[in-house]
């Protein structure tokens, strides 16, 4: 089911910054890259005859197609509650797409907060103030990425199986401090 991309996975994240546009599809291939002697995923766009003049090509790197649907559920000042639904299953896909595709890294994601180094995330002063944390202590913030639900289609005698997970306590508390609200169900 996972290999056939039949499983539907929905994640909620809190981002540093508000994605622009507020809803869309990130369709940028990814590959592993070395940063400061450590490996992490990186975006590896497909190049056309026009774009290859502007950007360095990575044609020798083994890329994997990666597609992430996203939409902003709520935002306040420089943070957002974002729902992500990956269509593909590439390692760290949501983290990499949000950080490097939209320039809105996940709160507490120190691995994907800087392009050329791996270091604690640098937060905006308003976020630090609302969370009641100093920049020197940001490294202790947990990553705000949560698998909200998974749907296994026609898994149980032809019936869909829905698996849901409550938001962790730290996630809910920080949403409150950041003035982010869970949208009302329609």
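In my numbering, the protein residues as written are 817 to 1002. Where a beta carbon is used, it is the ideal one built from N, C-alpha and C, also for glycine.
Cβ-Cβ distance between residue i and residue j below 8 Å
i           : j           : result
residue 824 : residue 943 : no
residue 826 : residue 909 : no
residue 965 : residue 833 : no
residue 859 : residue 996 : no
residue 903 : residue 828 : no
From the options, residue whose alpha carbon lies closest to that of residue i
i           : options               : result
residue 846 : 905, 929, 896 and 891 : 905
residue 895 : 901, 909, 835 and 910 : 835
residue 961 : 926, 892 and 883      : 926
residue 986 : 903, 841 and 958      : 958
residue 993 : 907, 922 and 948      : 948
residue 991 : 841, 954, 889 and 937 : 889
Per DSSP, the bridge partner or partners of residue i
i            : result
residue 850  : 855
residue 988  : DSSP lists no partner for residue 988.
residue 843  : 883
residue 998  : According to DSSP, residue 998 bridges with nothing at all.
residue 978  : 967
residue 1032 : Lying before the first or after the last residue shown, residue 1032 is absent from the chain, which here runs from 817 to 1002.
Does the region 840-857 touch the region 913-925, meaning 3 or more C-beta pairs lie closer than 8 Å?
In short, these stretches touch, since the Cβ pair count reaches three.
Please give the ranges of any beta strand (DSSP E) in the region 887-939, keeping only runs that are unbroken, at least 3 residues long and fully inside the region.
895-902, all fully within the region 887-939.
Would the region 927-939 count as touching the region 968-979 if we require 3 or more Cβ pairs under 8 Å?
No, the region 927-939 does not touch the region 968-979.
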